[in-house]
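Structure record follows, encoded as C-alpha cells.
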Amino acid sequence: LSAVASDFIGEEDPLIRQVVSDDAADDTDDHLLNAEHHFTLFKSKFGKTYATQEEHDYRLGVFKTNLRRAKRHQLLDPTAEHGVTKFSDLTPSEFGQYLGLKKLKLPADAQKAPILPTND
Amino acid sequence: LPTDFDWRDHGAVTEVKDQGSCGSCWSFSTAGALEGAHYLATGELVSLSEQQLVDCDHECDPQEYGACDSGCNGGLMTTAFEYTLKAGGLQREVDYPYTGTDRGTCKFDKTKIAASVSNFSVIGVDEDQIAANLVKHGPLAIGINAIFMQTYMKGVSCPYICGKNLDHGVVLVGYGAAGYAPIRFKDKPFWIIKNSWGANWGEEGYYRICRGRNVCGVDSMVSSVAALNIKSQ
C-alpha cells in the first residue's frame, strides 16, 4: 500500500520491477497496443477529437498515464470498478476544472442543525 | 431511521446535470439541495438555475477574507445558501439556463423566483445525524475529495487511502444498507451521491461511497436547507 500510496505524492510509485525476461519486449508491445486500442475506443465512446497530431499524441500519453492511475485506484479501491472514463485524457490539474469547491472555514453564523432522534 | 433510503424514489431529485469544464460544482450542489427542499415544501419538483449562482453570487465567507463564491473558480454551498436567502431565491433552469462559463453578467429577474430559502444548517460529522437530516430535510449539500472519482465507473467506492481535503461539491440523495461488492465478496453500506458530470459518468451520473469512517471526507462538510412554501411564479 505504501508503494501504491506514494502515487498520491506524485512520485513514480516504486512498484517491484518486473523481472526482465526475453518476452519482456512482447509485454511492452502488448501494453502499448492495449493502450492504443483503449484510446481508440475512448475517442469513439466520448466523441473526442483533437485538432492536431501533436495534440492527439500528447493526449495519448496522458491517457496511458491515466490507465496506470486507474489500475492503482483499482488496487486501492477494490470494491468499486475503476477504468476509462470521460476524464481519461485529462491531466490531474485539467481534471480540477471539473470540481470547484473552495476551502471551508465554517462561518460562525452558520446555524448548527439540532440533534435529531435516530431510533424508532 | 430506515435501513435504505433514496429521495429519487420519492420524486425529490431532478435529472443529472453537467457542469462542463467550469469549477461550478458548488452551484450544482446548492441547487440540488434546494430543489429537494422546495419539493418537500411545495410538492413540486423544479429544476433550478445554477447559472444564476455562477453569474450573481459573489457572497463571501465571513470567516475567510477573500473566500467568495466566484463562478467557475469555485465557491461554497453555505455561502451560496446565504446569497440565495438574501437575493430572495433562485429562478428556474429554463428561465436562466446554464452556459458553463462565468463571463456573463448577472441577469437575475426577481419576478421569476421559483424557489426560496427559509434557512440552512450545518450538520456535524455524525453519520446517524447526517442520515436523519437527509430523511427529514431532503437531499443534502456535501463536500468530498474527488481523487478516486476521475477513474470511477461503478460499484461501492471504499478506498483504503483517501485524503480528507475537500475539492468537490455534490448532493447526498440517499443511502443503502449494503451494496454487493463482487471483488471483495463484502457488503458495504453506502451513501448515494448525485454528481454533476453528466449521466455518462459513474452509475448514470451517480456515485456510491461506503459509509462508516468519513471516507474521502464525505461526512465533514454537510449542510441542509429548508425552503419557503412558495409556488414558482
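Line order of the protein sequences matches chains A and B. Numbering-wise (this note's numbering), the first sequence opens with residue 1367 and increments by one. Numbering-wise (this note's numbering), the second sequence opens with residue 186 and increments by one. Built from N, CA and C at the ideal position, the CB exists for glycine as well. Here the structure is a predicted model, which is why all the values come from computation and not from measurement.
{"Asked": "Per-residue DSSP class, three states only, for B/Y268", "Found": "helix"}
{"Asked": "CB contact flag (B/D240, B/D203, <8 Å)", "Found": "no"}
{"Asked": "Coarse secondary structure for A/E1481, derived from DSSP in three states", "Found": "At residue 1481 of chain A the sequence reads Ile, which differs from the Glu that was named. Three-state DSSP puts A/I1481 in coil, outside helix and strand."}
{"Asked": "Distance, A/V1428 Cα to A/R1434 Cα", "Found": "10 Å"}
{"Asked": "Chain A contacts from the segment 287-314 of chain B (Cβ-Cβ distance under 9 Å)", "Found": "N304, F305, S306, V307, I308, G309, D311, D313 and Q314"}
{"Asked": "Check whether B/C401 and B/N318 have beta carbons under 8 Å apart", "Found": "no"}
{"Asked": "Touch test, the segment 380-392 of chain B against the segment 273-284 of chain B, Cβ-Cβ under 8 Å, three pairs minimum", "Found": "no"}
{"Asked": "Contact set between B/N399 and chain A, taken where Cβ atoms lie within less than 8 Å", "Found": "Within 8 Å Cβ-Cβ: nothing; B/N399 doesn't reach chain A, min ~15 Å."}
{"Asked": "Sequence-distant residues of the same chain with beta carbon closer than 6 Å to B/E220, five excluded per side", "Found": "T199 and L233"}
{"Asked": "Reduced DSSP category for B/C239 - H, G, I as helix; E, B as strand; rest coil", "Found": "At residue 239 of chain B the sequence reads Val, which differs from the Cys that was named. Residue state, collapsed to three classes: helix."}
{"Asked": "Best match in B/L275, B/I332 and B/A299 for proximity to B/H353 [C-alpha to C-alpha]", "Found": "B/I332"}
{"Asked": "Chain E contacts made by the segment 1436-1456 of chain A, where a contact means CB separation under 7 Å", "Found": "Of the protein chains in the structure, A and B, none is chain E."}
{"Asked": "Where A/Q1419 meets chain B, residues with beta-carbon distance less than 9 Å", "Found": "What A/Q1419 touches in chain B: nothing, since even the nearest Cβ is about 23 Å away."}
{"Asked": "Chain A contact for B/S234 (CB, 8 Å cutoff)", "Found": "no"}
{"Asked": "Contacting positions in the segment 1459-1470 of chain A - beta carbon closer than 9 Å to chain B", "Found": "E1460, F1461, G1462, Q1463, Y1464, L1465, G1466, L1467, K1468, K1469 and L1470"}
{"Asked": "Cβ of B/C257 within 8 Å of any chain A Cβ", "Found": "yes"}
{"Asked": "B/G273 to B/T296 span [Cα, whole Å]", "Found": "10 Å"}
{"Asked": "A/L1456 to A/T1431 span [Cα, whole Å]", "Found": "10 Å"}
{"Asked": "Cβ shell of B/R396 (< 7 Å), same chain only, five flanking positions each side left out", "Found": "E312, Y360, P374, F375 and W376"}
{"Asked": "Residues sharing a beta bridge with B/K174, DSSP", "Found": "With chain B covering only 186 through 418, there is no way to say anything about residue 174 of chain B."}
{"Asked": "Buried versus exposed, by CB contacts within 10 Å (16 or more), A/P1480", "Found": "exposed"}
{"Asked": "Buried or exposed (CB count within 10 angstroms, at least 16 for buried), B/N414", "Found": "exposed"}
{"Asked": "Nearest-angstrom beta carbon gap, B/T336 and B/M262 [assumed within contact, 8 Å]", "Found": "Not quite, the Cβ-Cβ distance comes to about 25 Å (not below 8 Å), so this is no contact."}
{"Asked": "Straight-line gap, A/T1415 to A/E1421 (C-alpha atoms, nearest Å)", "Found": "10 Å"}
{"Asked": "Beta-carbon neighbours of B/P344, restricted to chain A and to distances below 7 Å", "Found": "L1442 and D1443"}
{"Asked": "B/I332 in three-state terms, based on DSSP", "Found": "helix"}
{"Asked": "Within-8 Å CB hit, A/T1406 to chain B", "Found": "no"}
{"Asked": "DSSP bridge partner residues for B/S405 (one or two, in chain order)", "Found": "Paired residue(s): none; B/S405 is not in a bridge."}
{"Asked": "CB contact check: B/F333 to chain A, cutoff 8 Å", "Found": "yes"}
{"Asked": "First through last residue of the beta strand (DSSP E) which encompasses B/N304", "Found": "V302 to I308"}
{"Asked": "Nearest-angstrom beta carbon gap, A/L1467 and B/G259 [assumed within contact, 8 Å]", "Found": "6 Å"}
{"Asked": "Min CB distance B/V231 to chain A below 8 Å", "Found": "no"}
{"Asked": "Beta-ladder partner(s) of B/H353, from DSSP", "Found": "B/I329"}
{"Asked": "Presumed contact (8 Å Cβ cut-off) between B/A299 and B/A412, rounded CB distance", "Found": "No, B/A299 and B/A412 are not in contact; Cβ-Cβ is about 10 Å, not under 8 Å."}
{"Asked": "Of the residues A/E1447, A/G1449, A/Y1464 and A/L1426, the one placed nearest B/G256, counting alpha carbons only", "Found": "A/Y1464"}
{"Asked": "Beta-carbon spacing of B/S408, B/V302 below 8 Å", "Found": "no"}
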